[in-house]
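J.: Mind looking over this structure? Questions follow.
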Amino acid sequence: MPTLEFKGKQFIYSHHHSVPFRELRVDDEKSLPADGKNPSLDDNLIIHGDNLHALKALMPHYAGKIKCIYIDPPYNTGNEGWCYNDNVNSPLMKEWINKNANPVDKEDMQRHDKWLCMMYPRLKLLHELLADDGVIFVSIDDNELSHLISMMNEIFYENHIGTIPVVNNMKGRNDQHNYAQCHEYLVIFDKGKFLSKGLPLSDKQRKDFKHTDQNGEKYALRDLRKRGGNDTRESRENLYFPMFYNKIKKTFSLKREFPSDVEITPIKKDSADGCWRWGKKKVEDNLSILEASYVPKSDKWNISYRIYLNKLAVNRVETSNDEVEETDDWDDETGEPFERTTKSKSFWWGAEFSTDGAGKLLKQILEDSGKAFDYPKPVSLIKRLIYMAMDTGDIILDSFAGSGTTAHAVLDLNKEDGGNRKFILVEMEDYADTITAERVRRVIGGVPAAKDENLRAGLGGSFTFCELGNEISIEKILTGEALPDYGALASYVFYTATGKSLDGEAVEKPDYFVGETDLYEVYLVYKPDIAFLRGNESALDDLKLKAIAARGSKKEKLVFATAKYRGQKELSAQHITFCQLPYAIHKVVGA
-11 MPTLEFKGKQ
-1 FIYSHHHSVP
9 FRELRVDDEK
19 SLPADGKNPS
29 LDDNLIIHGD
39 NLHALKALMP
49 HYAGKIKCIY
59 IDPPYNTGNE
69 GWCYNDNVNS
79 PLMKEWINKN
89 ANPVDKEDMQ
99 RHDKWLCMMY
109 PRLKLLHELL
119 ADDGVIFVSI
129 DDNELSHLIS
139 MMNEIFYENH
149 IGTIPVVNNM
159 KGRNDQHNYA
169 QCHEYLVIFD
179 KGKFLSKGLP
189 LSDKQRKDFK
199 HTDQNGEKYA
209 LRDLRKRGGN
219 DTRESRENLY
229 FPMFYNKIKK
239 TFSLKREFPS
249 DVEITPIKKD
259 SADGCWRWGK
269 KKVEDNLSIL
279 EASYVPKSDK
289 WNISYRIYLN
299 KLAVNRVETS
309 NDEVEETDDW
319 DDETGEPFER
329 TTKSKSFWWG
339 AEFSTDGAGK
349 LLKQILEDSG
359 KAFDYPKPVS
369 LIKRLIYMAM
379 DTGDIILDSF
389 AGSGTTAHAV
399 LDLNKEDGGN
409 RKFILVEMED
419 YADTITAERV
429 RRVIGGVPAA
439 KDENLRAGLG
449 GSFTFCELGN
459 EISIEKILTG
469 EALPDYGALA
479 SYVFYTATGK
489 SLDGEAVEKP
499 DYFVGETDLY
509 EVYLVYKPDI
519 AFLRGNESAL
529 DDLKLKAIAA
539 RGSKKEKLVF
549 ATAKYRGQKE
559 LSAQHITFCQ
569 LPYAIHKVVG
579 A
C-alpha cells in the first residue's frame, strides 16, 4: 500500500502511544445536567482542552464505541492562525513550537508538514475510538484534500468510502488569481463494515405515497414487472410465471382458484415476454401487498406492489433463495424492504448547506453575548450525516467542535424523533465555554428570537462540561503527587489490562469489582487517599478474597492492589492474578 511521506513523520508515527492518559474533571458550574441529576461522565460531554490529550482521555470509556465521528480541522489556508504545539520529543518539533515558527501562515514552507504532523496522531486515536461499523466524516478544502486522503488511506487501511463535494457558498469566496471557490469536501472513511442508513425522503418523494390503505397508512406503488437489463423471459426463465387475480375478492394466487380468475403474466410493452422482479416464494410471501390494474388501451393487466411510507406499517418479509437481483428485489430507492429513506448522492448542493445561513443562525442564538465565529457549519449538514450513520442511541464525536453545531444537530434530531443520541465535543480554545457550551445551553433552554418553533421552545437535553485533569501516572500514586479519583483510575486499569473500554462510569463497590470482558473480571482496591494506600486496607486480604469469591464467577480475575497476603500459587487456584500497584499495569494479550 502506498504511504505518504512528510517531514517529521518518523517522530509522530507512534506519538499517540506516548500521550499520557488524563482524568476528565467535571466542572459543575459550567455543566447543565438533567433535572434532579448531577453532572456525569455518562452524559453528553463538552471537553475543554487539547484534543490530542482529550481523545486519549476518552479511550478507557469509549474505545471502539463511537458510531460516527465528524471533524472540521483547520484547512491550512495560511490565514487561520493555528499553531503546532504537540510536545513531541524531537528537535524538529521543538523548533516548530518556537514562537517564531507559530502561528502557521502562508509563508511557512513547512506548513503542510506541520499540518500532517498535527493530524496524524489525532486520526490514529480517532481510528481506535471508532466502532467497527462506524464512519468518520472530515470537512476539508483543496489545500489539504489530497494529503488528507493519502494519510487516511494509510491509517484506515484504504477504507475510503468516498469524497463528496459540498456547495456551501453560492456567491463564492474571493480569489483574485483564479476563481470564486463555492465548495468544499466531505472525506468519508470507515473500518470496512459501515452501511449507510440513507436519508429522509424529500417532500417531492413523499408526494409519491398518495395511496392509503384500510388502516390509514400511506403507500406508493411499484411495478412488479422487472425493467431494465435482464428483463426478458429468456434471461430470467425462473422469474416468468402466471399469477391469478380474483376481481371480486381482489386477491392473488399462484394457481387458478376460480374460472373467472384473470391470468396475468409479465408482458412488455412490445408484447414480448418479460419477467417479474420476484420469484414464486417471494410473491407468495407478499400476496397481501399486491395490487392489479387494467390498462384499456393495451387490454393488459399490470401488477404492482406496495411500498409503505411508514416502514413499521408492514412487517418485513424474509428473502427467499429465488434468483433475483437484490437491487430490484427491494425498494427502488434504498435497496431495503419498506425502508423509507433514500440514498445519498455524491454531490451535495442546496441552501441547507450554506455557511452564510449557519452564521446568521449562530448570531441569532448568541445575539446578546457579542460573540462571533467564522464559517460555522450548518445544523442541517450535521443532521444529514447523523441520519446516514447513527441509530437513535448511538454516539457522535466531534474533536474540533468550534461553535457546537454537532451538539445542536444531535439535540434537534432527538427532539424530532424522541431519540437518545449522545454527543462528545472537544474544543481547545478559550471559547469552549463562551461559544461552544453556551450555544448548547441556549438551544436546550430555548431561543426566544428563533424562527424555528422547536428551537424557540427549547430542544431539551443535558451535558457535562469537563476540563482535562492531571495525567494518570501510576508511578506517582504512592508518593501522593497525583491521586486520580476511583472512577478515572478504574477506567484506566480496565482499559490497559484488557484492551477494552469500560461500559458506564466506574464507582467504588464493596468487593472492588470494576467490570468484565468475555474472558476477565477486573477489580481495583484503591482510594484517592495516601493514608489508605500506605496502610493494610489497600492490600488484597482474606476479606476481599471472600467478597470476590462470593460473586461465583469462573472467569479469570485481575486484581489491582498495593499488596497481597496470599501467594500467587494459592491465588491462581482461585483464578486470580494479582497486579501490584503502581508497577503492574499491563495489557493481557487476547482479552
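Under the numbering used here, residues -11 to 579 are what the sequence shown spells out, in order. A virtual CB, placed ideally from N, CA and C, is assigned to each residue, including glycine.
Which residues bound the alpha helix (DSSP H) around Met231?
T.: No alpha helix (DSSP H) contains Met231, which is instead part of the beta strand (DSSP E) from 231 to 234.
J.: Mapping DSSP to helix, strand and coil, what is Glu544?
T.: Of the three classes helix, strand and coil, the one that applies to Glu544 here is strand, per DSSP.
J.: Can you name, in chain order, every residue of its own chain whose Cβ lies under 8 Å from the Cβ of Leu29, other than the five neighbours on each side?
T.: Leu12, Val14, His49, Thr452, Cys454, Gly475, Glu493
J.: For the beta strand (DSSP E) containing Arg294, list its first residue and its last residue.
T.: 288 to 296
J.: Going by alpha carbons, who is nearest to Ser259 out of Lys288, Val126, Asp382?
T.: If we check each option's Cα against that of Ser259, Lys288 comes out closest.
J.: In terms of residues, what are the limits of the alpha helix (DSSP H) holding Thr565?
T.: Element bounds for Thr565: not the alpha helix (DSSP H) but the beta strand (DSSP E), 564 to 568.
J.: Quick one: grab the DSSP three-state call for Leu122.
T.: Looking at the sequence provided, one finds Gly at residue 122 rather than Leu. Strand at Gly122.
J.: Any contact between the segment 388 to 408 and the segment 66 to 73? By contact I mean 3 or more CB pairs, one from each, below 8 Å.
T.: no
J.: Please look up how many angstroms separate the CB atoms of Thr343 and Gly390, rounded, as I've assumed it's under 8 Å.
T.: Going by Cβ atoms, the distance from Thr343 to Gly390 rounds to 12 Å, so no, they are not a contact pair.
J.: Give the single residue among Glu251, Gly262, Leu189 whose Cα lies nearest to the Cα of Arg221.
T.: Gly262
J.: Compare the C-beta of Ser138 with all C-beta atoms of chain B and state if any pair is closer than 7 Å.
T.: In the displayed structure, chain B is absent; only one protein chain is listed.
J.: Fully enclosed by the segment 457 to 526, which beta strand (DSSP E) runs are 3 residues long or longer?
T.: 501 to 504, 508 to 512
J.: Between which two residues does the beta strand (DSSP E) harbouring Tyr173 extend?
T.: 171 to 178
J.: I'd like to know if the segment 552 to 563 and the segment 517 to 533 are in contact, where contact means that at least 3 CB-CB pairs between them fall below 8 Å.
T.: Judged by Cβ distances under 8 Å, the segment 552 to 563 makes contact with the segment 517 to 533, as three or more pairs qualify.
J.: Locate the alpha helix (DSSP H) running through Cys105, then write down its first and last residues.
T.: Per DSSP, Cys105 belongs to the alpha helix (DSSP H) from 99 to 117.
J.: In the DSSP assignment, what are the bridge partners of Cys71?
T.: Bridge partners of Cys71: none, in fact.
J.: Does the beta-carbon distance from Leu187 to Thr380 come in below 7 Å?
T.: no
J.: With which residues is Lys552 paired in a DSSP beta bridge?
T.: Leu528
J.: For the putative contact between Phe182 and His148, defined by C-beta atoms under 8 Å, what is the C-beta separation to the nearest angstrom?
T.: Phe182 to His148, Cβ: 12 Å. No contact.
J.: If you draw a straight line from the C-alpha of Gly122 to the C-alpha of Ala377, how long is it?
T.: 7 Å
J.: Starting from Asp16, trace the beta strand (DSSP E) in both directions and tell me its first and last residue.
T.: First-last for Asp16: undefined, no H or E at that position.
J.: Hey, out of Asn458, Ser184, Lys257, whose CA is closest to Lys285's CA?
T.: Lys257
J.: In whole angstroms, what is the alpha-carbon distance linking Ala537 and Ile518?
T.: 28 Å
J.: Checking 7 Å against the spacing of the C-beta atoms, do Leu117 and Ala51 come in under that value?
T.: Yes, they are a contact pair.
J.: What span of residues does the alpha helix (DSSP H) with Tyr282 cover, start to end?
T.: Run containing Tyr282: none in the alpha helix (DSSP H); it sits in the beta strand (DSSP E), 278 to 283.
J.: Quick one, which of Asp93, Gln352, Met(-11), Leu114 has its alpha-carbon nearest Asn131's?
T.: Asp93
J.: Should Trp266 and Pro254 be called a contact, given that it needs their Cβ atoms to be closer than 7 Å?
T.: no
J.: Please state whether the Cβ-Cβ distance between Lys53 and Ser461 is less than 7 Å.
T.: no
J.: Ser292 and Asp211 - do their beta-carbons sit closer together than 7 Å?
T.: yes
J.: Per DSSP, what kind of secondary structure is His3 in: helix, strand or coil?
T.: helix
J.: Give me the Cα-Cα distance between Ala579 and Phe9, rounded to the nearest whole angstrom.
T.: Because the pLDDT at Ala579 is just 36, under 50, the model does not fix this residue reliably, and the point stays unresolved.
J.: Under 7 Å between the Cβ atoms of Phe548 and Leu521?
T.: A distance of 7 Å or more separates the beta carbons of Phe548 and Leu521.
J.: Which residue or residues does DSSP assign as beta-bridge partners of Thr65?
T.: Answer is none; Thr65 lacks a bridge partner.
J.: Thinking Leu399 and Ile370 are a contact (beta carbons under 8 Å), I'd like their distance in whole angstroms, please.
T.: Contact doesn't hold; Cβ gap of about 11 Å is too wide.
J.: Within the same chain, show all residues whose beta-carbon is closer than 6 Å to that of Glu311, passing over the 5 residues directly before and after it, in chain order.
T.: Unreliable placement is indicated for Glu311, whose pLDDT of 38 sits below 50; the coordinate value is still reported in the next sentence. If we look at Glu311 and ignore the five residues flanking it on each side, its Cβ neighbours are Asn226.
J.: Between which two residues does the beta strand (DSSP E) containing Thr151 stretch?
T.: 148 to 155
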